[in-house]
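Step one of this worksheet: look at the structure below.
Numbering (our numbering), first residue to last: 12 to 146.
Put into structure tokens, the structure is as follows:
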């Protein structure tokens, strides 16, 4: 994980409390994170492609928010190292889910602006290098 985000994550008590809370399940965070991911990616695509039609934007969003891309970004950021698990390796879906739940925790702790910044810089740049060009 990029050092500036890692420091923010580890030093923020509210974020750590949320991620460790028994009241907030991992699945609930994943659910919220999935929605946040789609919203921010949609806003990004809409702004970056002013002449694109709805079909193009939808297909591009589908490719960017896929489990495959989210899993790759999760691995790139080092998120799987924070997961307590009993299996020898994590599935693609598990890595993607961890990315989505982390995104939700970030959103709930710091708000949309910082979450958008994090996503665009750590996710969209990585995703753009592994998917066809957005523009």
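The beta-carbon is built from N, C-alpha and C at its ideal position, and this holds for glycine as well.
8 angstroms or more divides the Cβ of residue 72 from the Cβ of residue 41. Counted as a single uninterrupted DSSP element, the alpha helix (DSSP H) harbouring residue 72 occupies residues 65 to 75. One Cα belongs to residue 88, the other to residue 110, and the distance between them is close to 9 angstroms.
Distances from the CA of residue 126 to each of 61, 39, 106 and 51 were compared; the closest alpha carbon is that of 51. Inter-residue distance for residue 76 and residue 100 is about 22 angstroms (C-alpha atoms, whole angstroms). Between the alpha carbons of residue 114 and residue 124 lies a distance of about 12 angstroms.
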